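The working numbering runs 76 ahead of the 1-based position in the sequence shown.
Presented below is the structure to which this report refers.
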Amino acid sequence: MKKFTLILFFSFSFLIYTSLSGTSAEKGIIIDKDLTVQIISPKEGEKVHGNITIEARVNHPEAVKYCEFYIQEPEAQDRYGWKDYFPPYFWGGDGHKLDTTLFDDGQASAVVFVYSGDNRSPRLQKRVHFIIDNGKPDVKIRSPKDHDIIKGNVLIHVDAGDLRSRNQDAGMFGVFIYVDGGLIHKLTQSPFKTTLYTCLLMPGAHLIRVVGEDTDGLKSSDSIVVIVDHAASATANKKVTE
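In structure tokens:
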């Protein structure tokens, strides 16, 4: 009787071990061969504005530890990382939306990395490219030019308009001119021009940043770096003050 019971015990243990091993093997097969990820929103090449949802779905979530999202705004690197551990997977978590008005209009992308088990490297990834189009105002510094050497009184000339606005009644609320982070002038009507008195600045590099805001509250910006050299030649100074 004892011998029979012992045989049954070992048989039962072997079945459990085989079952668990089979489950692990099946997960391994899923991870290596069958696992796929799709970004449901936004779609590839889609034009977006306002608040958008960034959502990814995996065909075998039981094989996934977590998904990690990043956003690439126009002319920037991947940033604003977010990990979601439960399907369906959302950047920022379920119900959270990305406010695209915080970014410049233009080409952007979202990428999701899928991690499984204890792996430190993602098993797979998916990226979609989309276009942010909130109809923000166009803002461009016409003069001086980036990395110009300047002295004396220098004209700052800005082109700003709101031709792409989604609101037909929208217009420019103002153009704000900053030097090294400090506001030096607010312009409310075209032409958007002001004078920079370099005698108030130390020699060296200085940042000029211009922010244009329309009547809908949407903003765009442009920036340049200029070099103040009080001993610069008259020719160089004339070049940047025309």
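Ideal Cβ placement from N, Cα and C applies to all residues, glycine included.
None of the values given here were measured: they were computed from a predicted structure.
- Annotated as proximal: residue 113 and residue 188, with beta-carbon spacing under 8 Å.
- In this structure, DSSP gives residue 131 an extended state, which the three-state scheme calls strand.
- Shown here for residue 217: same chain residues with a beta carbon closer than 6 Å to its own, the five before and five after excluded, namely 234, 286, 298, 300 in chain order.
- Counting along the chain, the unbroken beta strand (DSSP E) around residue 158 starts and ends at 154-160.
- Distance between residue 211 and residue 259, taken at the CA atoms: about 25 Å.
- Under the three-state reduction of DSSP output, residue 111 falls in the coil class, being neither helix nor strand.
- When DSSP states are grouped into helix, strand and coil, residue 139 belongs to the helix group.
- If you look at residue 288, you'll find it in the beta strand (DSSP E) that goes 280-290.
- DSSP, reduced to helix, strand and coil, places residue 271 within a strand of the structure shown.
- Per DSSP, the unbroken beta strand (DSSP E) holding residue 233 starts and ends at 229-237.
- Straight across, the Cα-Cα distance linking residue 193 with residue 144 is about 14 Å.
- Beta-bridge analysis with DSSP links residue 259 to 254.
- Close CB contacts of residue 172 within its chain, under the 7 Å cut and outside five residues either way in sequence, are with 166 (chain order).
- Annotation for residue 164: 131, 133 place their beta carbon closer than 7 Å to its own, counting only its chain and skipping 5 residues before and after.
- Nearest C-alpha to residue 202 among 116, 305, 294, 291: 116.
- Around the Cβ of residue 283, a 10 Å sphere holds fewer than 16 other Cβ atoms; the residue is exposed.
- In the DSSP assignment, residue 218 falls within the beta strand (DSSP E) that extends over 214-219.
- In the structure shown, residue 294 adopts coil according to DSSP, grouped into three states.
- The continuous beta strand (DSSP E) containing residue 205 extends over residues 200-208.
- For residue 148, DSSP records a beta bridge to 154, 185.
- Bridge partners of residue 175 according to DSSP: 127.
- Sorting 296, 274, 183 by C-alpha distance to the C-alpha of residue 305 places 274 at the top.
- Taking the C-beta atoms as reference points, residue 290 is found no nearer than 8 Å to residue 252.
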